[in-house]
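**Q** Quick one: this structure, given as structure tokens, is what I'll be asking you about.
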């Protein structure tokens with residue numbers, strides 16, 4: 568079968584190779600992967616900036632496909648793959664043994680993948696394979712950030728930062744589905760415009776020095792901020808969060824915070840909350856949620872497997888908006 572593997576000393580350190588089809592053990596399912604989508608995690612692995620990296624691993628955390636071997640009740644089912652491995656017994660935080668498909672275990676950027684049946688959820692009928700493949704990692708992260716950590720509900724005023732990325736896209740869609748008031752940030756006028764077209768109330772260019780003043784004028788303050796950057800932006804968020812509000816952080820693209828106004832945190836009773844991925848119950852809830860509200864992802868572009876390098880390069884292009892998908896079979 569064809570698979571995209573991490574290799575040494577090549578452009579982006581990946582290559583499309585012919586590898587052995589995985590063997591199915593008792594009780595497992597063989598899934599013919601139809602589509603897989605890229606995440607920031609995949610890129611960081613290719614440049615050596617991710618833990619537990621080892622070569623000759625098939626990349627990819629997100630995937631959808633059809634079960635062609637396995638227990639009778641799963642044969643022929645169209646499925647979404649849950650990329651969690653060993654979350655553990657604590658629903659609030661992952662175990663020390665927690666991993667994600669695609670490193671260090673083989674992932675979804677292949678024609679076939681063997682998984683246990685408990686890693687599968689049936690694909691909602693209204694989604695194509697490409698659309699379904701967009702949700703697992705980013706959708707789960709957004710779901711947990713919005714509802715477990717942010718406690719977003721109807722009427723909540725939410726700021727989603729860095730719109731354009733997968734998690735931010737889904738955070739906007741999920742919050743909009745429950746009738747929250749959603750605003751976004753980006754350094755791109757076009758991405759803000761796209762977000763408004765997708766249901767955001769408005770957006771702010773965080774590169775402008777007066778963005779905080781603009782946000783206060785247009786939205787006053789936010790109940791919840793869902794953020795991917797961290798870093799020095801946290802101090803900016805403290806100026807636009809309501810007393811008692813929550814800043815939910817799932818990424819650190821802005822690096823470490825040099826300083827922020829700590830007295831403002833405790834005087835305004837602000838909660839700064841970390842989150843990442845989500846447990847298996849939340850994964851099933853997330854799929855049921857997108858089915859209930861018929862939420863479709865924004866796909867930036869689809870690529871055949873043979874154009875995998877173009878797909879990775881498109882993913883790191885700052886102009887891309889939405890998910891980048893590789894059609895695997």
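In my numbering, the protein residues as written are 568 to 896.
The beta-carbon is built from N, C-alpha and C at its ideal position, and this holds for glycine as well.
The structure presented is a predicted model; accordingly, all values stated were derived computationally and were not measured.
#1: Tell me, to the nearest whole angstrom, how far the beta carbon of residue 641 is from that of residue 680; I am working on the premise that it is less than 8 Å.
#2: Residue 849: buried (16+ other C-beta within 10 angstroms of its C-beta) or exposed?
#3: Does the count of Cβ pairs from the region 865–875 and the region 704–719 closer than 8 Å reach three?
#4: For residue 751, does the count of other Cβ atoms within 10 angstroms reach 16, so buried, or fall short, so exposed?
#5: Is there a C-beta anywhere in chain B that falls below 8 Å from the one on residue 646?
#6: Please state the DSSP three-state secondary structure of residue 670.
#7: Excluding five sequence neighbours on each side, which residues of the same chain lie with their C-beta closer than 6 Å to the C-beta of residue 786?
#8: May I have the straight-line CA-CA distance separating residue 807 from residue 889, to the nearest angstrom?
#9: Just how far apart, CA to CA, sit residue 624 and residue 568?
#10: Are the beta-carbon atoms of residue 915 and residue 604 separated by less than 8 Å?
#11: Can you check which of these residues, 708, 619, 746, is closest to residue 663 by C-alpha distance?
#12: May I ask you to report which of helix, strand or coil DSSP gives residue 626?
#13: Per DSSP, residue 657 forms a beta bridge with which residues?
#14: Applying the 10 Å Cβ sphere with the 16-neighbour rule, what's the burial state of residue 829?
#15: In the DSSP assignment, find the unbroken beta strand (DSSP E) run with residue 827 in it and report its ends.
#16: Please classify residue 593: does DSSP put it in a helix, a strand, or coil?
#17: Mind listing, in chain order, the continuous beta strand (DSSP E) runs of no fewer than 3 residues lying wholly within the region 696–748?
#18: By Cβ distance, which residues of its chain are closer than 6 Å to residue 630, with the 5 residues on each side in sequence left out?
#19: Could you check if residue 659 is buried or exposed, using at least 16 other CB atoms within 10 Å of its CB as the buried criterion?
#20: Give me, in chain order, the residues of the same chain whose beta-carbon lies closer than 8 Å to that of residue 581; leave out the 5 immediate sequence neighbours on both sides.
#21: Hey, quick one: how far does the alpha helix (DSSP H) through residue 783 stretch, first residue to last?
#22: Just how far apart, CA to CA, sit residue 820 and residue 665?
#23: Is residue 813 buried or exposed, if buried means 16 or more other CB atoms sit within 10 Å of its CB?
#24: For the beta strand (DSSP E) containing residue 647, list its first residue and its last residue.
#25: For the structure I just gave you, are there three or more beta carbon pairs, one from the region 731–747 and one from the region 782–798, closer than 8 Å?
#26: Using three-state DSSP, classify residue 599 as helix, strand or coil.
#27: Could you pull out every residue in the same chain whose Cβ sits closer than 6 Å to the Cβ of residue 769, ignoring the five residues on either side in sequence?
#28: Can you tell me which of the three DSSP states residue 631 falls into?
#29: Could you spell out the range, first to last residue, of the beta strand (DSSP E) harbouring residue 869?
**A** A quick look at the data gives this:
#1: Here residue 641 refers to the residue found at position 74 when the chain shown is read from its first residue. Here residue 680 refers to the residue found at position 113 when the chain shown is read from its first residue. Contact flag wrong, Cβ pair sits at about 13 Å.
#2: Here residue 849 corresponds to residue number 282 of the chain shown, with the count starting at 1. So residue 849 counts as buried.
#3: no
#4: Here residue 751 refers to the residue found at position 184 when the chain shown is read from its first residue. Residue 751 comes out buried.
#5: Given the protein chain composition of this structure (a single chain), no chain B is represented.
#6: In the chain shown, residue 670 corresponds to position 103, counting from 1. In this structure, residue 670 counts as strand in the three-state DSSP scheme.
#7: Within the chain shown, the letter at position 219 stands for residue 786. Correct list, in chain order: 750.
#8: Taking the first residue of the chain shown as 1, we reach residue 807 at position 240. Taking the first residue of the chain shown as 1, we reach residue 889 at position 322. Cα-Cα distance, rounded: 26 Å.
#9: Counting from one through the chain shown, the residue named residue 624 turns up at place 57. Counting from one through the chain shown, the residue named residue 568 turns up at place 1. Going by the C-alpha atoms only, they are around 14 Å apart.
#10: With the chain covering 568 to 896 only, the question about residue 915 has no answer from this structure.
#11: On the chain shown, position 96 is the one that residue 663 refers to. The option with the nearest alpha carbon to residue 663 is 619.
#12: Here residue 626 refers to the residue found at position 59 when the chain shown is read from its first residue. Coil at residue 626, not helix or strand.
#13: To locate residue 657, count along the chain shown from 1; it is residue 90. The partner list for residue 657 (beta bridge, DSSP) is empty, contrary to what the question assumes.
#14: Position 262 of the chain shown holds residue 829. Label assigned to residue 829: exposed.
#15: The residue given as residue 827 occupies position 260 in the chain shown. Looking at the DSSP string, residue 827 is not in any beta strand (DSSP E), and its letter there is neither H nor E.
#16: As a first step, residue 593 must be located in the chain shown, where it is residue number 26. Coil at residue 593, not helix or strand.
#17: 724–727
#18: Position 63 of the chain shown, counted from the start, is the residue given in the question as residue 630. Once the five neighbours on either side are set aside, the close Cβ partners of residue 630 are 600, 603, 648, 675, 700.
#19: Along the chain shown, read from residue 1 onward, the residue named residue 659 stands at position 92. By the 10 Å Cβ count, residue 659 comes out exposed.
#20: Here the question's residue 581 lines up with position 14 in the chain shown. Contacts found: 571, 572, 573, 574, 613, 626, 875, 876, 879.
#21: Taking the chain shown and counting its residues from 1, the one referred to as residue 783 is at position 216. From DSSP, the alpha helix (DSSP H) with residue 783 extends over 778–786.
#22: To locate residue 820, count along the chain shown from 1; it is residue 253. To locate residue 665, count along the chain shown from 1; it is residue 98. Cα to Cα, residue 820 sits roughly 22 Å from residue 665.
#23: Locating residue 813 in the chain shown gives position 246, where the first residue counts as 1. Residue 813 should be labelled buried.
#24: Locating residue 647 in the chain shown gives position 80, where the first residue counts as 1. Residues 645–648.
#25: yes
#26: Residue numbering aside, residue 599 sits at position 32 when the chain shown is read from its first letter. DSSP places residue 599 in strand when its eight states are reduced to three.
#27: Mapped onto the chain shown, residue 769 falls at position 202. Same-chain partners within the cutoff: 750, 785.
#28: As a working note, residue 631 is residue 64 in the chain shown. Looking at residue 631 - three-state DSSP - the assignment turns out to be strand.
#29: Counting from 1 along the chain shown, the entry for residue 869 is found at position 302. Element bounds for residue 869: 866–871.
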